[in-house]
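Our numbering puts the first residue of the sequence shown at 1, with every later residue one more than the last.
By construction, the Cβ of each residue, glycine as well, lies at the ideal position given by its N, Cα and C atoms.
Model, not experiment: these values are computed from the prediction.
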Amino acid sequence: MRACRRWPAASVLLLSALLGVGALQADWDFTLISKRAEQLYGPLGAGRGRIDDWQRLLQEQVGADEMAQLKAVNLFFNLRLRFRDDIELWRVKDYWATPVEALLLGGGDCEDFAIAKYFSLRQLGVPSEKLRITYVKALRLNQAHMVVTYYAQPNAMPLVLDNLIDAIQPSSQRSDLLPVYAFNAEGLWLPGSRGDKSVGDSKRLSRWQDLLRKMRAEGFP
Numbered sequence: 001m002r003a004c005r006r007w008p009a010a011s012v013l014l015l016s017a018l019l020g021v022g023a024l025q026a027d028w029d030f031t032l033i034s035k036r037a038e039q040l041y042g043p044l045g046a047g048r049g050r051i052d053d054w055q056r057l058l059q060e061q062v063g064a065d066e067m068a069q070l071k072a073v074n075l076f077f078n079l080r081l082r083f084r085d086d087i088e089l090w091r092v093k094d095y096w097a098t099p100v101e102a103l104l105l106g107g108g109d110c111e112d113f114a115i116a117k118y119f120s121l122r123q124l125g126v127p128s129e130k131l132r133i134t135y136v137k138a139l140r141l142n143q144a145h146m147v148v149t150y151y152a153q154p155n156a157m158p159l160v161l162d163n164l165i166d167a168i169q170p171s172s173q174r175s176d177l178l179p180v181y182a183f184n185a186e187g188l189w190l191p192g193s194r195g196d197k198s199v200g201d202s203k204r205l206s207r208w209q210d211l212l213r214k215m216r217a218e219g220f221p
């Protein structure tokens, strides 16, 4: 597995172009989702089995403790998806795939892994304030990278869910990752010497908003 790409000079400008998403309270109708996916993308092929496996994962993890949910979701996508560059998959430099798109193709880049894990954990009931999608620089690879970070408490050391390794480790043990910024439903954060600093709300059009529109078209409430 690899990180995403060399760090683009203007990447931090994305900070002003991200949209938060509210709590996912409604159940997901996977019969509808599969039907919509077939209408949008054509025959599902082997992807149908991966989507069915995703549904079973979520059903099995309902009511489990959060640590068990983190481990199950992280390992599921690390095993089911193969790292593939956006250029290879989508013929564009940067594309944020929905979990359905990634599972249909059986692959994606680091953003697609993180997005799929984030939405799965939100659907399982992990509160938004405990989860962030975090852009980092993978120092050993000298590439931009995206992970999910989990905060058991507001000021706790976050745990890192990563497609580079299966183990979920505290960020203090991931010296290979340099945080750049993070976001979730409530806003945006920049790293600082005294902890992450909130830099406001995120309500502008972005790839994130495009992603949400695609998921609604796929049948997600």
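Put simply, the backbone Cα of residue 128 is about 31 Å away from that of residue 87. For residue 140, the CB contacts under 8 Å within the same chain, skipping 5 residues up- and downstream, are 176 in chain order.
Pairing residue 51 with residue 103 gives a Cβ-Cβ distance under 8 Å. Comparing alpha carbon positions, the residue from 184, 91, 45, 149 closest to residue 67 is 149. Residue pairing from DSSP places residue 149 in a beta bridge opposite 132, 160. DSSP links residue 138 through a beta bridge to 143, 177.
Distances from the alpha-carbon of residue 119 to those of 28, 3, 4 put 28 closest. Burial state of residue 173 is exposed, judged by a 10 Å Cβ sphere holding fewer than 16 other Cβ atoms. DSSP lists 107 as the beta-bridge partner residues of residue 82.
Between residue 64 and residue 192, the alpha-carbon positions lie close to 33 Å from each other.
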